[in-house]
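This note's numbering puts the last residue of the sequence shown at 757; the count rises by one with no breaks.
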Amino acid sequence: MNSKLKFYQSIRFKIALVFALMLMLTLECVGAVFVRQLEHQNLNTFKQSIELPSYVDNSLSEQLARSNTRKANHQIRQILSEVNNNNISEIRVIDNKGIIRGTSDSDNRGTVGQKTTDQIVKATLLNNRSHSENVYDNGNHNRYYVNVLPLVDNSNNNVIGAVYLRASLESVYASINSITLIYLSAALVTIAIGLFLAILISQEITRPIEEMRKQTLRIARGDFSGQVRVMGNDELGQLAGAVNNLSVRVEEAQASTDSERRRLDSVLSHMSDGVLATDRRGNVTIVNNMALQLLGVDHEDDLIGKSIIDVLDIRHDYTVRQLINADQREMIIDMSNDGNNLILNAYFSPIQRESGFVSGLVCVLHDVTGQQKEERERKQFVSNVSHELRTPLTSVHSYVEALSDGAWQDKEVAPKFLNVIQGETDRMIRMINDLLSLSRMDAGTTKLNLEYVNIKELLNYILNRFDMIIKNEESDSSKKYKIERHFTKKDLWVEIDTDKFTQVIDNIMNNAIKYSPDGGIITVRLLETHNHVIMSISDQGLGIPRKDLGRIFDRFFRVDKARSRKQGGTGLGLAISKEVINMLGGQIWVDSVEGHGSTFYISLPYVPYEEEDDWDDQEAEK
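Here it is as structure tokens:
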């Protein structure tokens with residue numbers, strides 16, 4: 136660390152280098168603008184110098200308008216030969232059919248009468264606009280400027296041809312290159328002189344800095360006895376005084392820090408809670424063994440120096456400033472992962488000095504996994520059940536109160552009220568039965584009556600029942616439905632609980648019928664994969680928003696709560712369906728686009744029954 140610096144590593148070299156680079160950058164920017172402007176100006180001047188006089192364009196237009204092509208071509212050649220411009224390499228005249236009628240280049244006279252292949256000429260003839268571009272000839276490695284102008288008939292303003300003009304740009308770029316070379320030479324001389332002056336100036340500036348560097352190296356080694364000589368009252372002199380003051384302060388701070396750390400380590404070693412301490416920036420500086428255990432870390436070196444919001448994985452929710460400024464003193468942190476369920480209660484307290492300066496943060500961690508889980512499940516269950524039972528109970532109470540007030544004496548109103556009370560009571564009974572079913576499934580007390588069933592025949596049986604229901608309700612309902620079936624021809628034998636599987640299909644079909652529009656088609660499909668049977672039920676209803684697809688199988692969840700309650704839904708049908716399919720070893724999922732209907736898929740494990748034909752023959756013999 137005390138080794139002698141090489142010249143290119145010293146600050147005097149860097150100051151000179153920065154000055155030289157700034158000078159070089161300035162000259163380069165000025166040169167780039169200058170050369171660019173020079174090029175633009177020379178090209179504009181060159182383009183103006185090769186423009187054809189207007190009388191030449193008019194003469195060429197008159198010749199193209201003549202019906203005698205041979206005489207017109209002769210006159211065109213005569214006109215082109217009279218053009219005296221040494222910058223122009225070639226001039227071609229093309230009629231509106233794309234035929235070359237004349238050229239000023241004697242070597243290319245053979246092209247007269249041929250059809251042009253130049254795209255810019257064709258574009259000029261097509262849209263009556265002039266086109267120009269710079270091209271590079273790979274044959275002779277020269278750059279050319281090409282300009283194509285339309286020729287217009289003065290009598291009717293129609294395009295009767297075009298003039299193709301090509302001029303060499305080599306003289307222009309040769310002039311630009313010579314000027315650029317002169318500028319670069321002057322810039323290099325300027326940079327060399329500036330670098331020499333910068334080295335002389337930087338040497339005088341960096342001499343006091345070298346002395347301060349040596350003193351700071353002694354401080355870093357723990358030697359606080361030396362002093363830096365103050366040679367003036369300028370910025371460098373003030374910096375030398377600050378270094379001397381720093382030496383004293385560092386010595387005092389180091390002694391105080393060692394004493395405080397020993398006391399803190401003694402306290403932390405006897406604590407049963409996890410403790411994290413940070414600096415003002417939120418980086419962990421102290422961690423005890425219990426915190427390592429709660430966070431699943433083996434060594435404290437894995438946490439020291441890291442931000443506490445990263446250690447606790449709360450960067451997306453809080454900032455270090457919010458934690459230090461006491462905006463959030465206490466929070467629940469879910470540290471669950473694939474192999475561990477852990478919920479911690481974190482309490483934050485800022486570390487303040489007597490002056491009020493916040494120098495860090497202390498975080499105390501408590502394990503509240505079991506408590507939080509039980510509390511969350513209890514609140515969710517009570518909230519859902521209370522919410523779902525409140526509506527029918529309120530309705531029953533209202534109608535009973537009305538009957539008590541004398542409505543029972545009205546022979547027309549009383550039966551209607553009683554029907555509503557009976558309907559709401561039935562709904563509560565269905566909800567309680569569904570809750571009992573889910574409770575038994577959660578407790579694992581539900582028993583499955585498994586048997587091999589021809590799934591195709593069972594689906595047909597269920598759908599036939601719905602067909603009968605739809606036909607019987609057609610006269611009473613304003614909506615009309617239709618059920619379409621797309622089944623595989625093969626009989627598929629699957630081991631299921633018939634009653635519970637029928638309940639699943641009933642739930643999905645009832646939902647499809649409820650939410651399908653008038654004239655809607657409900658499509659049921661059945662197919663076989665390698666080792667699964669796939670069933671799908673599609674409707675043309677309102678569909679499910681994308682944000683709700685992940686919660687559609689949650690208990691008491693409804694996409695349209697008001698409409699679902701009005702139609703008698705409990706919000707538990709799909710939850711029961713998912714539990715049943717999971718018990719059967721299958722999967723259930725939904726695919727939906729809002730406004731375009733929904734499709735529910737059911738996948739059940741399937742093993743081909745190899746003795747189906749023998750079984751059928753035996754049944755036939757019986």
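Where is the CB? At the ideal position from N, CA and C, for every residue including glycine.
Keep in mind it's a predicted model, so treat the numbers as computed, not measured.
The beta carbon of ILE314 is closer than 7 Å to those of LEU173 in its chain, skipping five residues each way along the sequence.
Residue pairing of TYR587 in beta bridges, as defined by DSSP: GLU630.
Apart from the 5 residues on each side of it in sequence, ARG236 sits with its Cβ closer than 6 Å to the Cβ of ASN208, ILE211, VAL228, ASP230 in its chain, given in chain order. Per DSSP, GLY166 lies in no beta strand (DSSP E) segment; the continuous alpha helix (DSSP H) that holds it begins and ends at 146-184.
Between VAL283 and SER303, the gap from beta carbon to beta carbon reaches 8 Å or more. By the C-beta density criterion, ARG147 is buried, having at least 16 other C-beta atoms within 10 angstroms. Contact annotation, ASP408 with VAL499: C-beta distance approximately 5 Å; criterion of less than 8 Å satisfied. Per DSSP, HIS451 is not a residue of any beta strand (DSSP E), being assigned neither H nor E.
Within the same chain, THR504 come within 7 Å of ASN476 by CB-CB distance, once the 5 residues on both sides are set aside. Only residues of its own chain outside the window of five on either side were considered, and among them VAL493, SER494 have a CB closer than 8 Å to the CB of GLN487, listed in chain order. Excluding the 5 residues flanking it on each side, PHE181 has same chain C-beta neighbours closer than 6 Å at VAL307, in chain order. Judged by their CB atoms, LEU583 and MET718 are nearer to each other than the 8 Å cut-off.
Straight through space, the alpha carbons of GLN675 and LYS682 are spaced by roughly 19 Å.
Under the 10 Å beta carbon count, GLU163 is surrounded by fewer than 16 other beta carbons and is classified as exposed. When the beta-carbon positions are compared, ALA481 and ILE326 stay at least 8 Å from each other.
Inter-residue distance for LEU438 and ASN423 is about 11 Å (C-alpha atoms, whole angstroms). DSSP, read as helix, strand or coil, puts SER727 in strand. The beta carbon of THR734 sits closer than 6 Å to those of SER671, SER673, ASP726, all from its chain and outside the five residues before and after it, given in chain order. Cβ contact annotation for LEU709 (same chain, cutoff 7 Å, sequence separation greater than five): ASN642, ILE687, PHE688, in chain order. Around the beta carbon of ASP632, a 10 Å sphere encloses 16 or more other beta carbons of the protein chains shown; the residue is thus reported as buried. If the five residues before and after ARG511 are omitted, its C-beta is found closer than 7 Å to no C-beta atom of its own chain. Counting only residues of its own chain and dropping the five nearest sequence neighbours on each side, MET366 has a CB closer than 8 Å to the CB of PRO343, GLY372, ALA375.
Sixteen is the threshold: since fewer than 16 other Cβ atoms of the shown chains lie within 10 Å of the Cβ of ALA309, the residue is exposed. Note on ARG301: 16 or more other CB atoms within 10 angstroms of its CB, so buried under the neighbour-count rule. Taking the CA atoms as reference points, ARG525 sits about 42 Å from HIS621. Membership of PHE735 in the beta strand (DSSP E) is indicated by the continuous run 733-740. In this chain, the beta strand (DSSP E) harbouring MET670 covers 667-673. Using a Cβ-Cβ distance cut-off of 8 Å, the region 590-599 and the region 645-665 are in contact, since at least three pairs of beta carbons, one from each stretch, lie closer than that value.
Contiguous alpha helix (DSSP H) elements confined to the region 349-415 occur at 370-403, taking only those with 4 or more residues. Partner residues in the beta bridge of VAL422, as assigned by DSSP, are LEU411. Under the three-state reduction of DSSP output, ILE564 falls in the helix class.
Per DSSP, SER194 lies in no beta strand (DSSP E); the unbroken alpha helix (DSSP H) holding it starts and ends at 189-200. It is roughly 18 Å from the alpha-carbon of ASN460 to the alpha-carbon of ILE467.
Secondary structure of PHE636 (DSSP, three-state): helix. In the structure shown, SER241 adopts helical secondary structure according to DSSP, grouped into three states. Within the same chain, and ignoring the five residues on either side of TRP724 in sequence, the residues whose Cβ sits closer than 6 Å to its Cβ are TYR736.
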